[in-house]
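Input: a single structure, listed below in structure tokens.
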Amino acid sequence: AFPLLCCCPLLKCEPLLAARVAMQSIKRFLESHAGDKKIKLYLVCDHDKNLIDALQQECIISDERFIVIVSSDPQAIVSLGQHDASCKSLAVETDKLFVRGKRPSRGRAGVVFDASGPLNSPGYLGKATSSQYAGHGHGVLGDAYAVKLHASSPLYSKQKCHKVFYVVVPSRNDAHDDYMEDEAKFEKLLGKCYESFLNLFYSIAD
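In the UniProt record's numbering, the protein residues as written are 1 to 206.
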């Protein structure tokens, strides 16, 4: 029961920074669980030259448990469960894609949103996401959360995916309320995001 790791949107706007933090975090995680051969960590990314170049430049991982899949197909993030029974969970970039209560415009996030709840119940994931925060209305920056999918959802019944994981990420967009200008603080917090996410799904799966 290990997830597919979906690329953070930051990989497209600041690919070298995001790729470096992601690779360092993943490397530390795999090293800390060196004896666990059940782990399969999939990084699904788009056909984006800048992104691919950044990942190749920053990839410091030589571990057969870490697998990179390059695909622009929005279904790629969810269809792997049909081919690898160990993929019981998947990750999305941020809670903001779901707590708004409407379908995200992004390809993979939209696919997850559509297939997470019972048929004809597109708001399921938004409600389940909001309920994680115990009435506070938002999550804690840097923390990771898990949402159990509805048993009758296509993701659960057909793709064999049981949970969606997401993390509350900082923003580098100066038009956002949670914009973080200090790059050093941002990089440290982004590392905390990956660490929180990886440790959460491992503790649940374990």
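Beta carbons: idealized from backbone N, C-alpha and C, even for Gly.
Collapsing the DSSP output to three states places residue 171 in a strand. Residue 159 sits buried, since 16 or more C-beta atoms from the chains shown fall within 10 Å of its C-beta.
Between residue 58 and residue 172, the beta carbon gap of about 17 Å keeps them out of contact (Cβ cut-off 8 Å). Secondary structure of residue 193 (DSSP, three-state): helix. Cβ-Cβ separation between residue 167 and residue 143: approximately 7 Å, consistent with a contact (criterion under 8 Å). Taking C-beta atoms as the reference points, residue 51 and residue 67 fail to come closer than 9 Å. Cβ-Cβ distances below 7 Å link residue 170 to 141, 178, 180, 186, 189, 190 in the same chain, with the five nearest sequence neighbours on each side left out; the list follows chain order. Setting aside the 5 residues that flank it on each side, residue 16 is surrounded in the same chain by 54, each with a C-beta closer than 6 Å to its C-beta; the list follows chain order. When only Cα atoms are considered, residue 117 and residue 111 end up about 11 Å apart. When DSSP states are grouped into helix, strand and coil, residue 140 belongs to the coil group. Within the DSSP bridge table, the entry for residue 111 names no partner. Residue 22 has its alpha-carbon roughly 9 Å from the corresponding atom of residue 195. When secondary structure is reduced to three states using DSSP, residue 67 falls in the strand class. Under the DSSP assignment, residue 55 falls in the alpha helix (DSSP H) whose first and last residues are 49–58. Pairing residue 202 with residue 39 gives a Cβ-Cβ distance under 9 Å. With respect to the C-alpha of residue 200, the residue from 175, 174, 165, 176 having the closest C-alpha is 165. The C-beta of residue 151 has fewer than 16 other C-beta atoms within 10 Å across all chains shown, which makes the residue exposed. Assignment of beta-bridge partners to residue 148 by DSSP yields 163. The residue among 130, 127, 131, 30 with its C-alpha nearest the C-alpha of residue 64 is 30. Measuring C-alpha to C-alpha distances from residue 204 to each of 71, 146, 132 identifies 146 as the nearest.
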